[in-house]
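*Asks:*
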Amino acid sequence: MNESPQKIVKSNTSVLCTVPVVLFLFLVTCVGSPLSAQVNGGGNNNGNNNNNQNNQNQNAGGITIDAAGVISAPFRVAKNSKQLNHRRLEALAAENLSSDLNQKSDFRKISLVKLERTCRELKEKNQPIPPEVQYLAGLWRIDYLFVDQEHNDLIIAGPAEGFAPNTQNRMVGVESGRPPLRLDDLVVAFKSQERGLITGCSFDAKRENLARMNEYIRRTNGASSTATAVTRFKTMAKILGMQDVSVTGVPAGSNYARVLVEADYMLKRISIGLEPSGIREIKSHLATLRGGGNSTQRWWFTPLYDAFTTTANRDAFTFSGQRLQMMSQEEFVNQAGQRSDAAHTRLSTTRYAQQFTKYFAKLADQHPTFAELQSITDLTVLAALINKERLQQQVGWDHRFFSSEMDYLVPQGNIPKQVPTAMNYKKASRLMICLVGGGVTVNARGVVNQTEFLTSRDNTLHQKKNAAIQRRGENTTRWWWD
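The C-terminal residue of the sequence shown carries number 484 in our numbering, and the numbering is unbroken.
(1) Tell me the DSSP bridge mates of Gly-175?
(2) So who's on the other strand from Gly-160, going by DSSP bridges?
(3) Among the candidates Arg-180, Ile-158, Lys-467, whose CA atom is the shortest distance from the CA of Pro-167?
(4) Alpha carbon to alpha carbon, how far is Leu-262 from Asn-54? Give it in angstroms, no decimals.
(5) For Gly-34, which residues of its own chain have a beta-carbon under 7 angstroms away from its beta-carbon, when the five flanking residues on both sides are left out?
(6) Could you pull the DSSP bridge partners for Gly-198 from this structure?
(7) Apart from the five residues on each side of it in sequence, which residues of its chain come closer than 8 angstroms, Cβ to Cβ, to Ala-80?
(8) In whole angstroms, what is the alpha-carbon distance linking Ile-378 and Ala-239?
(9) Just checking my contact of Pro-422 with Asp-186 at CB under 8 angstroms: how many whole Å lie between their CB atoms?
(10) For the alpha helix (DSSP H) containing Tyr-361, name the first residue and the last one.
(11) If we ignore side chains and look at the alpha-carbon of each, how far apart do Ile-73 and Ile-417 end up?
(12) Between the C-alpha atoms of Phe-235 and Leu-124, what's the straight-line distance to the nearest angstrom?
(13) Please report the residue range of the alpha helix (DSSP H) in which Ala-386 lies.
(14) Considering only the alpha carbon of each residue, which of Val-115, Arg-89, Arg-122, Asp-108 lies closest to Met-408?
(15) How should Thr-120 be labelled, buried or exposed, when 16 other C-beta atoms within 10 angstroms of its C-beta is the threshold for buried?
(16) What residue from Ser-405, Arg-220, Ala-265, Gln-356 has the CA that sits closest to Gln-376's CA?
(17) At which residues does the alpha helix (DSSP H) containing Pro-133 begin and terminate?
(18) So, with DSSP's three-state summary, where would you put Val-30?
(19) Go through its chain and collect everything with a Cβ distance to Arg-110's Cβ below 8 angstroms, but skip five positions before and after it.
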């Protein structure tokens with residue numbers, strides 16, 4: 003590939019995660035109404051480590067994973083009015099959360115040291131993790147990291163609000179509708195960065211099935227009726243069959259893994275028009291295609307962080323930027339089912355990636371799946387930043403409980419193992435499109451090693467840090483405060 007996912011996209015941006023979505027474009031001449039089709043299947047993974055832990059049962063929020071590990075399409079729930087949903091969330095939050103936790107805050111602070119201590123005390127009392135702890139006091143984005151050397155602590159801060167389960171039983175903020183950050187994702191992120199792992203997932207079509215599909219296309223790529231063309235599309239989906247799903251670097255049954263898998267699955271379904279994006283600015287890739295030669299297209303997410311701003315003493319850091327963008331690359335598949343990079347990427351592919359990136363923040367506000375992908379990105383970069391700056395050593399914190407009590411802190415669900423090939427088509431020019439692809443790779447160490455760090459030119463960041471620490475002094479035993 004000419005443009006590696008590890009390339010820094012701009013001076014203050016570096017690569018964090020990739021979600022490749024691969025499109026095979028094949029031309030079929032149809033007699034009568036011409037059709038375009040997309041077949042959705044497997045892909046590749048750029049991660050370099052594996053994790054095959056055994057897990058318990060648990061359904062994912064936007065997808066279901068059965069006991070055999072087969073992924074099925076997102077739940078489709080009849081939507082109530084926005085006002086009715088908001089009232090429902092308000093009522094649930096008021097019933098289940100304390101009044102102070104249920105308050106909206108632009109600057110909620112969490113002591114990571116005291117959070118771990120709270121978890122240890124709960125374990126010693128043989129108590130389950132309460133929602134307040136599991137959902138990190140309603141914090142839904144990390145804007146700041148502060149080093150409190152006086153109290154030997156590390157503090158994260160950002161916007162927060164009350165939360166409650168929506169109609170899909172996914173926990174979301176009452177006002178924003180965005181999922182709060184999760185304790186188990188934080189613990190998984192710390193563990194992965196402690197071991198220096200690249201985390202990710204991959205949807206992989208079997209090479210022999212790709213070869214069989216190529217041969218089928220070669221034999222049938224001629225003029226046909228509309229009905230025959232549709233039959234061919236369905237046959238291609240059957241040839242590709244079930245795609246293998248693998249998760250690397252994190253427990254395969256964890257929520258972190260579920261977010262990776264679900265975000266990739268949702269991206270593919272949007273791209274082929276099986277799932278609406280929810281915003282008018284992003285249509286399916288299928289809807290934008292007009293014609294062209296046979297080829298393969300790959301899309302992936304990379305981070306879109308602005309530069310980290312820090313103090314002269316490097317005891318405070320800001321996180322900013324929309325977190326993710328989508329990139330694209332053209333590929334080819336040979337008769338043996340092997341993929342290789344193409345010299346050029348067609349304009350329609352590039353434009354779709356640019357449009358997806360331009361409105362990704364808006365898309366994440368509508369889709370909790372993509373909002374959660376932003377969240378685990380933040381948590382993984384946080385863990386990598388703490389390691390890079392050796393902040394644990396500065397405050398004497400080894401997060402040993404987080405590292406050693408994964409069974410208690412990280413619930414395990416069904417392990418995703420297979421995803422069925424999906425197909426979609428439309429009336430268009432003489433073009434048949436097959437989508438085969440997927441995967442996520444998170445390389446947080448690359449972000450903190452390559453992203454620019456800027457020293458604050460005024461006292462604003464220092465004042466933010468002091469305000470957080472001073473307010474915390476009013477209650478030194480509490481693990482979160484506003």
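Each residue gets a CB set at the ideal place from its N, CA and C atoms; glycine is no exception.
*Replies:* In short:
(1) Phe-165
(2) Arg-110
(3) Arg-180
(4) Confidence is the limiting factor: at Asn-54 the pLDDT is only 36, short of 50, which leaves the residue's position unreliable, though a coordinate-based value still follows. Using only the alpha carbons, I get a separation of about 16 angstroms.
(5) Its pLDDT being 40, under 50, Gly-34 is placed unreliably in this model, and the coordinates cannot settle the point.
(6) Answer is none; Gly-198 lacks a bridge partner.
(7) Low confidence applies to Ala-80: its pLDDT is 42, below 50, so where it sits in the model is not reliable enough to give any reading.
(8) 32 angstroms
(9) Wrong, their Cβ atoms sit about 28 angstroms apart, outside the cutoff.
(10) Looking at the DSSP string, Tyr-361 is not in any alpha helix (DSSP H), and its letter there is neither H nor E.
(11) 10 angstroms
(12) 55 angstroms
(13) 370-390
(14) Arg-122
(15) buried
(16) Ala-265
(17) 133-136
(18) Confidence at Val-30 is low in this model, with a pLDDT of 43, below 50, so the placement of that residue is unreliable and no value is reported for it.
(19) Ala-139, Gly-140, Leu-141, Ala-159, Gly-160, Pro-161, Ala-162, Trp-482, Trp-483, Asp-484
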